[in-house]
Ligand code: ADP
Ligand code: RBF
Ligand code: MG
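In our numbering, the protein residues as written are 153 to 358.
Have a look at this one:
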């Protein structure tokens, strides 16, 4: 049964092990249901990446970041890891919905993800609409739940109490990794989360 209210703020306050979890693999074909049935495309990771992820965390819904192919842009994502109880899949899958509108499909292209936190367990639903509604709440809560400000006391923060959505004053900031393997500083990560989440929220507001 779908809960009518869910906490918007999810994930750890401080990113601590096993997070952040990095994972990559070439996007594989799924059942084709994401875009067609749900209107929410999910790029499916190969079996090896899925299994590696399952060694670190339980099945469920997660949030974090994604990068696709040679593009150095980093986008917010939500990920489903498990059996899709609504569809009763027999194989575990790791599927990533990226909060960005892509000009074309990217099957076979390398997808890199950083998992930052857990949202909820996988559920079964009475209807496809209930599943879609829950995924949209996952997207919302991922936006509200970036890396914690407590790790970055040097940046100015305003907190909206209703949603505890985090807000930050910062100047223009473009998060572009020069190399795929480059590391971002914690402050870079936080600033980037806020800015990219906002952009994505705009795209996702209907
Ligand atoms: P499949 O069952 O084969 O995974 P989907 O209907 O879930 O099919 O669509 C997933 C595909 O859509 C991805 O593999 C990718 O190529 C493409 N795609 C386009 N936009 C996105 C997006 N924002 N997030 C994830 N995948 C996307
Ligand atoms: N499938 C389920 O059966 N139960 C879920 O609770 C569930 N949650 C999801 C949450 C997110 C954020 C995403 C992206 C997918 C989720 N799915 C869930 C998987 C969904 O059924 C799957 O993406 C489609 O079947 C397309 O493969
Ligand atoms: Mg998919």
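Beta carbons: idealized from backbone N, C-alpha and C, even for Gly.
Using the Cβ count rule (16 or more neighbours within 10 Å means buried), how would you classify residue i?
i           : result
residue 181 : exposed
residue 239 : exposed
residue 233 : buried
residue 319 : The pLDDT assigned to residue 319 is 29, lower than 50, so where the model puts this residue is not dependable, and the model offers no usable value.
residue 321 : At residue 321, the pLDDT of 27 sits below 50, so the modelled position is not reliable and the matter cannot be decided from this model.
residue 170 : exposed
residue 259 : exposed
residue 194 : buried
residue 202 : buried
residue 197 : buried
residue 295 : buried
Any heavy atom of the ligand MG closer than 7 Å to the Cβ of residue i?
i           : result
residue 255 : no
According to DSSP, what are the bridge partners of residue i?
i           : result
residue 216 : 229, 267
residue 409 : Because the chain here runs from 153 to 358, residue 409 falls outside it and cannot be looked at.
residue 192 : Looking at the DSSP assignment, residue 192 forms no beta bridge with any residue, so it has no partner.
So does residue i have its beta carbon nearer than 7 Å to some heavy atom of the ligand ADP?
i           : result
residue 285 : no
Excluding five sequence neighbours on each side, which residues of the same chain lie with their C-beta closer than 6 Å to the C-beta of residue i?
i           : result
residue 247 : 194, 196, 232
residue 158 : 289
Under the criterion of a Cβ to heavy atom distance below 7 Å, does residue i qualify as lining the ligand RBF?
i           : result
residue 209 : no
May I ask you to verify whether the segment 269-278 touches the segment 209-228, counting CB pairs closer than 8 Å and requiring at least 3?
yes
Are the segment 279-292 and the segment 218-225 touching by the rule of at least three beta carbon pairs closer than 8 Å?
no
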